[in-house]
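The structure under discussion appears below in the form of structure tokens.
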Amino acid sequence: MQTFLMALVGVSMLATLGVMFAGMLGLARSESAGGARSNRLMRWRVALQGLTLVLFLLLLMSRG
Numbered sequence: 001m002q003t004f005l006m007a008l009v010g011v012s013m014l015a016t017l018g019v020m021f022a023g024m025l026g027l028a029r030s031e032s033a034g035g036a037r038s039n040r041l042m043r044w045r046v047a048l049q050g051l052t053l054v055l056f057l058l059l060l061m062s063r064g
């Protein structure tokens, strides 16, 4: 179970990082319709960060 949770934490961390970089690249290109896309990506980032924290807490609780 712990190995599975560790893998999920790692995957969710990488997904968060990927969404964050996609949002930063969109801002750097300053597309005309980038505002809505940037907001959507940042909402995804926040949701993925929350998921990562929940998975991390579950991992910590399963170890104790």
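1 is the number of the first residue of the sequence shown in UniProt numbering; add one for each residue after it. Ideal Cβ positions, reconstructed from N, Cα and C, are used throughout, including at glycine.
query                                                                                                                                                                                : result
Could you check how far apart the C-beta atoms of residue 48 and residue 15 are, in whole angstroms? I think they sit under 8 Å.                                                     : 5 Å
Between residue 55 and residue 5, how many whole angstroms is the CB-CB distance? I'm expecting something under 8 Å.                                                                 : 6 Å
Determine the extent of the alpha helix (DSSP H) in which residue 18 is found, giving its start and end residues.                                                                    : 2 to 29
Label residue 29 either buried or exposed according to how many other C-beta atoms from any shown protein chain fall within 10 Å of its C-beta, with 16 as the threshold for buried. : exposed
Closest to residue 24 by CA distance: which of 62, 37, 13 is it?                                                                                                                     : 37
Rounded to whole angstroms, what's the CA-CA distance from residue 51 to residue 26? Just pull it up for me.                                                                         : 23 Å
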